[in-house]
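Trainee: Take this structure, written in structure tokens, and hold onto it; I'll ask about it next.
In our numbering, the protein residues as written are 48 to 232.
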């Protein structure tokens with residue numbers, strides 16, 4: 048029994064079109080969600096050269112999230128930062144993932160207004176992004192170089208910028224040769 052009805056002869060032609068549409072949709076969806084799965088390579092300004100991602104962690108919930116990433120600065124970036132100081136950062140572009148409704152503020156030199164001991168409890172300025180400093184899963188922070196970053200934040204010679212709502216912070220420490228991005232909010 049051969050079925051020669053128009054419906055039967057059209058079915059084989061529709062399958063390739065359906066497969067091509069499904070593949071196209073999967074590729075487009077993957078491209079649009081790329082910042083979610085490649086975020087640690089997009090959060091620093093392009094002028095801050097790094098050699099490696101030392102640690103990265105992220106968690107997301109309904110309207111809230113946490114991201115933490117620590118990088119090893121390249122020798123070239125560390126040298127330029129030590130010579131050109133904050134001017135190197137001020138003249139550079141914003142991070143590729145910067146939100147125009149919540150932009151990063153001017154770069155500042157450490158220690159600035161950061162008070163790690165009292166952040167969130169009586170400090171002049173609470174920077175919520177610092178809550179992600181040890182990673183998003185309340186780890187010991189060793190992988191996230193918390194000791195080096197704390198030292199950089201509390202002594203002169205490092206630099207940081209904070210988002211307008213203080214949920215994000217980028218820290219660049221040329222002496223310690225690390226850079227960090229923390230977001231909590």
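Just so it is clear, CB atoms sit at the ideal spot from N, CA and C, and this is done for glycine as well.
(1) Out of curiosity, what's the CA-to-CA distance linking residue 95 and residue 173?
(2) Under 8 angstroms, with one C-beta from each stretch per pair, do the stretch 199 to 211 and the stretch 103 to 112 reach the 3-pair mark?
(3) Within a Cβ cutoff of 8 angstroms, which residues of the same chain sit near residue 141, ignoring the five residues on either side of it in sequence?
(4) Between 228, 167 and 121, which has its C-alpha nearest residue 181's C-alpha?
(5) State the CB to CB distance for the pair residue 120 and residue 144, rounded to an integer number of angstroms; the pair is presumed to be in contact (CB under 8 angstroms).
(6) So the candidates are 216, 209 and 225; which of them puts its Cα closest to the Cα of residue 126?
(7) What does the Cβ neighbour count give for residue 176, buried or exposed, with the cut at 16 atoms within 10 Å?
Mentor: Working from what's here:
(1) 25 angstroms
(2) Touching, no, given that fewer than three Cβ pairs across the two stretches are closer than 8 angstroms.
(3) Spatial neighbours of residue 141 in its own chain (CB-CB distance under 8 angstroms, excluding positions within 5 residues in sequence) are listed in chain order as 92, 150 and 151.
(4) 228
(5) Residue 120 to residue 144, Cβ: 19 angstroms. No contact.
(6) 225
(7) buried
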